[in-house]
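Chains as they are written, first to last, in the numbering used here: chain A, -15 to 99; chain B, 2 to 115.
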């Protein structure tokens, strides 16, 4: 039973354009959401997060949108750069201060940004 | 400040052997988490430890798997009598507390069971 789903296993985007990565969740207890970026042969690195009391959080080229009623969030990267090519994981938790046991990951989306 | 270190990076074992995966947390981090990533899947939580204590092992299989984080030395994830289904990437993360954004991940150990 996948509580966090990333339905697109891969996405290809031209450099300079917008990349939109989507994530859906089913557990209404989730109140905090994070995006991680992962390069091959490395561990995930934290990118950006959002609390359920907000519907948008922005950090430079990265913006996360949350639609709580639809249980959907998305990560926008604009403009996309070749160095953004990586696997992106969406993760969800009941709170931002958590022992890690309830951090639930999606299956990931591989983003390829073409020069 | 060195990041989270894991060794070995790659480990090959035959069915029935034991696998020992090591994780050295970042300096000053007393919380360690282990995650497993099966092929084509996301990371799944296995166990959360603090020094000398297992805080939550709800994600760890009940048999063959154990974890420790001794007072001195790295955290160890031990898999006894490995089976092919144990082939996966095992990631360790450490943090100074329980705030999620402060979890830093290691590069992972890729276990292949032949």
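We treat Cβ as the ideally placed atom computed from N, Cα and C, and that holds for glycine.
Secondary structure of residue i, DSSP reduced to three states
{"i": "residue 115/B", "result": "coil"}
{"i": "residue 50/A", "result": "strand"}
{"i": "residue 69/B", "result": "strand"}
{"i": "residue 15/A", "result": "coil"}
{"i": "residue 42/A", "result": "strand"}
{"i": "residue 101/B", "result": "helix"}
{"i": "residue 1/A", "result": "coil"}
{"i": "residue 15/B", "result": "coil"}
{"i": "residue 10/B", "result": "coil"}
Beta carbon proximity, residue i to chain A, threshold 8 Å
{"i": "residue 101/B", "result": "yes"}
{"i": "residue 19/B", "result": "no"}
{"i": "residue 42/B", "result": "yes"}
{"i": "residue 107/B", "result": "yes"}
{"i": "residue 46/B", "result": "yes"}
{"i": "residue 92/B", "result": "yes"}
Min CB distance residue i to chain B below 8 Å
{"i": "residue 54/A", "result": "no"}
{"i": "residue 87/A", "result": "yes"}
{"i": "residue 0/A", "result": "no"}
{"i": "residue 80/A", "result": "yes"}
{"i": "residue 77/A", "result": "yes"}
{"i": "residue 103/A", "result": "Nothing in the structure corresponds to residue 103/A, since chain A is present only between -15 and 99."}
{"i": "residue 33/A", "result": "yes"}
{"i": "residue 90/A", "result": "yes"}
Residue i classed as buried or exposed, judged by whether at least 16 other C-beta atoms fall within 10 angstroms
{"i": "residue 107/B", "result": "buried"}
{"i": "residue 56/A", "result": "exposed"}
{"i": "residue 34/A", "result": "buried"}
{"i": "residue 29/B", "result": "exposed"}
{"i": "residue 82/B", "result": "exposed"}
{"i": "residue 5/B", "result": "buried"}
{"i": "residue 69/A", "result": "buried"}
{"i": "residue 114/B", "result": "buried"}
{"i": "residue 21/A", "result": "buried"}
{"i": "residue 26/B", "result": "buried"}
{"i": "residue 34/B", "result": "buried"}
Same chain only: Cβ atoms within 6 Å of residue i, ignoring 5 sequence neighbours per side
{"i": "residue 90/B", "result": "38, 109 and 111"}
{"i": "residue 11/A", "result": "-13"}
{"i": "residue 87/A", "result": "75 and 77"}
{"i": "residue 61/B", "result": "47 and 48"}
{"i": "residue -8/A", "result": "93"}
Residue i beta carbon near the ligand ADP (any heavy atom closer than 7 Å)
{"i": "residue 14/A", "result": "Absence of the ligand ADP is noted for the structure shown, with no ligands found whatsoever."}
CB contact below 8 Å: residue i versus chain D
{"i": "residue 32/B", "result": "Although the question refers to chain D, the structure presented lacks it and instead comprises the protein chains A and B."}
Same chain, Cβ closer than 8 Å to residue i, five either side skipped, listed in chain order
{"i": "residue 46/A", "result": "19, 31, 32, 59, 60 and 61"}
Contacts around residue i, its chain only, beta-carbon distance under 7 Å, and the 5 residues preceding and following it disregarded
{"i": "residue 103/B", "result": "96 and 97"}
{"i": "residue -4/A", "result": "96 and 98"}
{"i": "residue 52/B", "result": "31, 70 and 72"}
{"i": "residue 9/A", "result": "-13, -12, 55 and 76"}
{"i": "residue 65/A", "result": "-1 and 97"}
Using a Cβ cut-off of 9 Å, which residues of the region 12 to 30 of chain A contact any Cβ in chain B, in chain order? The residues in question are 16, 18, 20, 22, 25, 26, 27, 28, 29 and 30.
Residues within the region 37 to 54 of chain A neighbouring chain B, beta-carbon criterion of under 9 Å: Residues of the region 37 to 54 of chain A that bring their beta carbon within less than 9 Å of a beta carbon in chain B are absent altogether.
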